[in-house]
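All residue numbers for the sequence shown refer to our numbering, where the first residue is 698 and numbers rise by one. Beta carbons: idealized from backbone N, C-alpha and C, even for Gly. All of these numbers come straight from a predicted model, not from anything done at the bench. Single-structure report; data block below.
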Amino acid sequence: MKNTNYICPKCANTTFEVGEIRATGGTLSKIFDVQNKKFTSVTCSNCTYTEFYKTSTSALSNIFDLFT
Numbered sequence: 698m699k700n701t702n703y704i705c706p707k708c709a710n711t712t713f714e715v716g717e718i719r720a721t722g723g724t725l726s727k728i729f730d731v732q733n734k735k736f737t738s739v740t741c742s743n744c745t746y747t748e749f750y751k752t753s754t755s756a757l758s759n760i761f762d763l764f765t
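Here you go:
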C-alpha cells in the first residue's frame with residue numbers, strides 16, 4: 698500500500714501495511730474475556746516499525762464478543 702501522507706519515522710519509507718488488534722481493558726473484561734479495546738496498527742514495509750492508534754468500539758461489538 699502506498700500513501701504520500703505516511704513517512705516512516707525510522708527509515709523514511711512510504712509503503713506500509715494496516716492491521717487491527719483487540720485487547721482487554723480491565724479486570725472484569727479479562728475474567729470474561731471481553732476485548733473492549735481496539736487499535737489500528739500501521740507497520741512500515743521496509744523496517745517493520747509499528748505504530749498503534751486507539752479506535753473506538755461499539756457496545757454491540759462488545760456484547761457480541763462476550764457471547765462468542
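- Residue nearest to Cys744 within the set Ala720, Asn702 and Ala709 is Ala709 (criterion: CA-CA distance).
- Collapsing the DSSP output to three states places Ile704 in coil.
- DSSP, read as helix, strand or coil, puts Tyr750 in strand.
- For Lys751, the CB contacts under 6 angstroms within the same chain, skipping 5 residues up- and downstream, are Phe736 in chain order.
- Here the alpha carbon of Cys741 sits roughly 9 angstroms from the alpha carbon of Val715.
- In the DSSP assignment, Cys741 is bridged to Phe713.
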